[in-house]
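So for the sequence shown, this note's numbering puts the first residue at 538; every next one is plus one.
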Amino acid sequence: MHTPYERRSLDFQGGDCRGGTSRLACAAHLHYHLELVYMEQGENVCAVDSETYTLRTGDALVVFPNRVHRYEQSDGDRYMILIVNPDLTPELSEIFADHSPASPLIRHASDNPAIPALFETLVRQENPDMPYRGTAIKGYLLALLSELLGMMTLNGAGTGDSRTLRSIVSFCIRNSSSELSLSILEENLHLSKYYISHLFSDRLGTRFNDFVNALRVSEACRLLRTEDDMTVTEIATAVGFSTQRTFNRAFARQMGMSPRDYRKERRHGGINSMPL
Numbered sequence: 538m539h540t541p542y543e544r545r546s547l548d549f550q551g552g553d554c555r556g557g558t559s560r561l562a563c564a565a566h567l568h569y570h571l572e573l574v575y576m577e578q579g580e581n582v583c584a585v586d587s588e589t590y591t592l593r594t595g596d597a598l599v600v601f602p603n604r605v606h607r608y609e610q611s612d613g614d615r616y617m618i619l620i621v622n623p624d625l626t627p628e629l630s631e632i633f634a635d636h637s638p639a640s641p642l643i644r645h646a647s648d649n650p651a652i653p654a655l656f657e658t659l660v661r662q663e664n665p666d667m668p669y670r671g672t673a674i675k676g677y678l679l680a681l682l683s684e685l686l687g688m689m690t691l692n693g694a695g696t697g698d699s700r701t702l703r704s705i706v707s708f709c710i711r712n713s714s715s716e717l718s719l720s721i722l723e724e725n726l727h728l729s730k731y732y733i734s735h736l737f738s739d740r741l742g743t744r745f746n747d748f749v750n751a752l753r754v755s756e757a758c759r760l761l762r763t764e765d766d767m768t769v770t771e772i773a774t775a776v777g778f779s780t781q782r783t784f785n786r787a788f789a790r791q792m793g794m795s796p797r798d799y800r801k802e803r804r805h806g807g808i809n810s811m812p813l
C-alpha cells in the first residue's frame, strides 16, 4: 500500500461541490495543510489515521496537519471543502502543533449557522483578483476555525505513537532533499529504527523508503510545474534522488506517467492541481 505525501503549492484552495457533479473520493494521503469539509447533503465514509467515520448531512470534518486521511465515494455528496496552510492563522499554531482532536468529525455542525455561512464565504474567495483577498481569507478562516474548534474536544498530543509519528514525518519533510535512512532517523531522533519502520507500516500503511520517495516526487511535481529552466535531471537531483532511473521509477509509480509527460500535460492544462 502506498500513501502519498502532497506538498501543496497554494496556501488556500476552496471547492464548492454542492452541484452534485464532484464526488468526495480520494485515496489515502497526507499533507501539511488543514483540510476542512462541510457536508451539506449526502453521506461519505472517511478515515483519519486508523479510525473510520461516517460524514453525514450537516456534519463537518477537520483534518489536522500531517494526518493520513481518505474518502470513499458515495452518491449524492454535496459539500464544500477548504485546503489551507495552517500558517495563515498563527494565532492557532500551538493548537495544531501540540493538540490532537478526540475526533475530527463534528456532528450536526449545521446547528451553528455560522459554520456553513463561513464555509460558503471562503469558497467564494477563489478569485485571485479580489481586492484584499488575502486579508479576507485570513479573517474568515480564523473565524471559521474558532467556531469549529469550539465544537471539538482537544487532547494534548501526548507521548504515544501519534506524537512520535508526527515528529518523524516532520523530520522527513524538513530533510527530504538530503540523504535519509532509518539509521539517520534513529541517530537524530533517538528512536529505534525498527520502531520507526513499524510506525510507517502500521500507521501510514507504507514503507519508509516509499514515503521518502513520495515526498521527493511531490516536490518534483512542484518544480516541474514552476521551474521551466530546470531540466528533469536537475530536478531529480534537487529533490534528493541519487539517479535518474530511480527518480523515473518512483515518479511513474506515484503519478502514473513519466516526469516529462507530467510537465507536458501541465503545460497543456491536462492535470488538475486539486486532489478532490
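Ideal placement from N, C-alpha and C gives every residue a C-beta, glycine not left out. Note that the structure is a prediction, hence the values are computed from the model and not measured.
R560: not part of any beta strand (DSSP E); DSSP gives it neither H nor E. Burial check for Q578: the Cβ neighbour count within 10 Å stays below 16, so the residue is exposed.
About 19 Å separates the beta carbon of R740 from that of D635, a gap too long to meet the 8 Å contact definition. Rounded to whole angstroms, the Cβ separation of Y677 and L659 is 5 Å, and the two are in contact under 8 Å.
By the criterion of a C-beta distance shorter than 8 Å, K675 is surrounded in its chain by L625 and T626, once the five residues flanking it on both sides are discounted.
In the displayed model, D624 falls within a helix according to three-state DSSP. Cα atoms of R661 and T780: separation of roughly 44 Å, rounded to the nearest angstrom. Annotation for N725: the continuous alpha helix (DSSP H) segment containing it runs L719 to L726. DSSP places N664 outside both helix and strand once states are collapsed to three, so it counts as coil.
In this model, R545 and H568 are separated by some 8 Å (Cα to Cα). It is roughly 18 Å from the alpha-carbon of F788 to the alpha-carbon of C709. Note on geometry: alpha-carbon atoms of G613 and I652 lie some 21 Å from one another.
Counting along the chain, the unbroken beta strand (DSSP E) around L598 starts and ends at A597 to V600. By the criterion of a C-beta distance shorter than 7 Å, K730 is surrounded in its chain by L719, S720, L722 and E723, once the five residues flanking it on both sides are discounted. Secondary-structure assignment with DSSP links V585 through a beta bridge to E588 and H606.
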